[in-house]
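First the structure, in the form of structure tokens, and then the observations on it.
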Amino acid sequence: MTDTVSKEEQPTLRFKDLKLEPSLQQGIDDLGFEFATPIQALSLPLSLQGKDVIGKAQTGTGKTAAFLITVINRLLKEPEQEERFNGEPRALILAPTRELAMQIEKDAQTLVKHTKLGLLSIVGGMDYQKQQRRLQNEIIDIVVGTPGRLIDFVRSKDLFLSETEILVIDEADRMLDMGFIPDVKRLIRETPFKEYRQTLMFSATFTQDIMNLSSSWTINAQQLEVESDTVAADTVDQKVYIVTTDEKFTLLYNLITQNQLERVMIFANRRDETRDLTHKLRDYGIKCATLSGDVPQHKRIKVLEGFREGSIRVMVATDVAGRGIHIEGISHVVNYSLPEDPEDYVHRIGRTGRAGKTGTSVSFACEEDAFQLPAIEQLLGLKLDCSQPEAELLQEIPKPEISPEREAERKSHQHEQRRRRTRRPQRRSSSN
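Residue numbering for the sequence shown follows UniProt numbering, starting at 1 and increasing by one per position.
As structure tokens, then:
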């Protein structure tokens with residue numbers, strides 16, 4: 001049975017009322033958090049008692065802090081075993097993407113800074129030997145990771161999960177979508193039986209398939225849901241502009257410059273589209289970067305940090321960034337192309353309007369992808385405001401004055417694109 005609360009019923013709870021361990025409370029105070037969010041107020045009184053919890057709430061509502069506070073408080077409150085070896089974490093947090101795992105680690109670092117707890121993220125695309133050395137040479141209490149890299153370390157006998165006291169599965173529905181459930185099952189088999197560990201699951205959506213799996217991973221789990229009037233956060237003002245494909249870039253440029261937008265995320269469906277769009281925006285002098293699956297991890301980190309610090313004004317991303325990217329102050333999300341999966345729309349626009357702040361999403365519906373709108377509206381349970389752009393947003397923009405350096409960079413990019421298009425796999429000769 002699921003405990004569901006509406007907005008009118010959402011409880012008010014101060015963190016200090018939870019009687020958390022002092023060093024954890026100090027970290028919460030440093031962040032300026034006084035009141036729990038609805039999902040935190042609903043889940044923490046149960047999870048802090050050691051109960052298994054399945055929590056569902058919209059993106060940007062504090063689910064990460066809900067399970068991190070539970071994990072950290074438990075590890076501080078309950079003494080560890082007298083003899084514990086390197087590579088034996090007390091808590092394991094599973095996340096579907098590198099970005100989300102590293103964001104969880106970043107959030108955890110702020111909460112454990114007054115404690116002696118050891119923390120490590122284990123994700124692909126990062127220095128394998130560095131992660132291995134830390135596992136071999138340090139006592140790590142909390143491991144946050146993606147399934148593939150975690151399994152690599154389990155196989156190499158650098159990571160042992162038999163002493164795991166608390167297991168967190170974040171965004172389990174995304175794990176299913178990405179085909180990670182077999183890996184998740186394997187990792188869970190390495191942990192103690194569910195009777196001997198605490199298990200927490202949090203997500204914005206839970207499919208029936210995930211609920212079926214959860215019954216084999218949890219014991220008498222408390223199913224909690226914070227009900228909302230809409231699937232998407234009501235702090236996001238959603239607009240849809242009806243445009244032609246040829247008008248999209250002009251509209252985007254004018255939208256950014258005329259409104260003097262300083263921190264914008266733009267989503268496109270394909271990697272080549274994100275690259276081309278980034279190059280065009282740079283031609284017009286807009287500080288811009290790409291975040292997609294083919295960008296090396298060290299560059300992704302650099303892009304995210306630049307976006308956080310403000311040295312990058314616009315980030316153009318594929319849905320690899322649709323979840324798990326929590327950056328303060330994103331005022332606008334632009335769907336340059338509408339996603340094929342309606343749920344990706346919800347996660348995209350969830351990058352703005354977070355933690356009670358307001359934000360704006362602007363979607364471009366051209367002749368190629370306007371047919372995606374009905375499915376999105378059906379999921380949202382509302383009719384989106386579709387209109388023609390104001391005349392000033394479609395006013396012609398001059399051709400950019402490109403510096404010699406940018407011209408060289410652009411030609412190099414065009415050459416690489418032509419090379420990729422003309423490259424063909426060699427046919428193998430058949431033999432009798």
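From the three backbone atoms N, C-alpha and C, an ideal C-beta is built for every residue, glycine too. Computed from a predicted structure; not experimentally measured.
I'd like the span of the beta strand (DSSP E) that includes residue 238, first residue to last. First-last of the beta strand (DSSP E) with residue 238: 236–242.
Do the region 43–56 and the region 89–105 touch if we need at least three Cβ pairs shorter than 8 Å? Taking 8 Å as the limit for Cβ pairs, the verdict is that the region 89–105 does not touch the region 43–56.
When DSSP labels each residue in this structure, what does residue 297 get in the three-state scheme? Annotated three-state conformation of residue 297 is helix, per DSSP.
For residue 20, name the three-state secondary structure that DSSP assigns. In the structure shown, residue 20 sits in coil (DSSP, three-state: anything other than H, G, I, E or B).
N- and C-terminal bounds of the beta strand (DSSP E) containing residue 363: Unbroken beta strand (DSSP E) run through residue 363: 359–365.
Buried or exposed for residue 84, please, with buried defined as at least 16 other CB atoms from any protein chain shown within 10 angstroms of its CB. When all chains shown are included, residue 84 counts as exposed.
Kindly indicate which three-state DSSP category residue 332 falls into: helix, strand or coil? DSSP, reduced to helix, strand and coil, places residue 332 within a strand of the structure shown.
Just the Cα atoms here: how many angstroms apart are residue 179 and residue 185? Annotation: residue 179 to residue 185 spans about 11 Å, alpha carbon to alpha carbon.
The alpha helix (DSSP H) that contains residue 140, what's its start and end? Here residue 140 belongs to no alpha helix (DSSP H), and DSSP marks it neither H nor E.
Can you tell me which of the three DSSP states residue 163 falls into? In the structure shown, residue 163 sits in coil (DSSP, three-state: anything other than H, G, I, E or B).
Would you check whether the ligand MN has a heavy atom nearer than 6 Å to the C-beta of residue 78? Among the components of this structure there are no ligands whatsoever, and the ligand MN is therefore not found.
Those residues which DSSP pairs with residue 402 across a bridge: According to DSSP, residue 402 bridges with nothing at all.
Three-way DSSP call (helix, strand, coil) for residue 121 in this model: Three-state DSSP puts residue 121 in a strand.
Per DSSP, which residues does residue 170 bridge with? Please list them. DSSP lists 202 as partners of residue 170.
Would the region 119–138 and the region 289–303 be scored as touching if the rule is three or more Cβ pairs under 8 Å? Yes, they touch.
Within the chosen definition, does the region 251–266 reach the region 277–286 through at least 3 CB pairs nearer than 8 Å? The region 251–266 is in contact with the region 277–286.
Check this for me: beta carbons of residue 366 and residue 240, under 7 Å apart or not? Going by C-beta atoms, residue 366 is not nearer than 7 Å to residue 240.
Who pairs with residue 316 in a beta bridge, going by DSSP? Beta-bridge pairing links residue 316 to 266, 290.
With C-beta atoms as the reference, is residue 86 less than 7 Å away from residue 24? Between residue 86 and residue 24, the CB-CB gap reaches or exceeds 7 Å.
With a CB to CB cut of under 7 Å and the five nearest residues on each side skipped, what residues in its chain are close to residue 271? The beta carbon of residue 271 is closer than 7 Å to those of 292, 293, 294, 318 in its chain, skipping five residues each way along the sequence.
Return the chain-ordered ranges of every alpha helix (DSSP H) run that is complete within the region 87–123 and spans a minimum of 4 residues. Fully enclosed alpha helix (DSSP H) runs of 4 or longer: 98–112.
Could you give the DSSP three-state label for residue 387: helix, strand or coil? In this structure, residue 387 counts as strand in the three-state DSSP scheme.
Please name the residue or residues paired with residue 14 in a DSSP beta bridge. Beta-bridge partners of residue 14 (DSSP): 35.
Rounded to the nearest angstrom, how far is the Cβ of residue 140 from that of residue 149, given a contact under 8 Å? Contact between residue 140 and residue 149 does not hold, since the beta-carbon distance rounds to 14 Å and is not under 8 Å.
Under the assumption that residue 384 contacts residue 343 (Cβ atoms under 8 Å), give the Cβ distance between them as a whole number of angstroms. Going by Cβ atoms, the distance from residue 384 to residue 343 rounds to 15 Å, so no, they are not a contact pair.
Contacts around residue 274, its chain only, beta-carbon distance under 7 Å, and the 5 residues preceding and following it disregarded: Within the same chain, residue 274 has close Cβ partners 268, 290, 292, 316, 317, 318.
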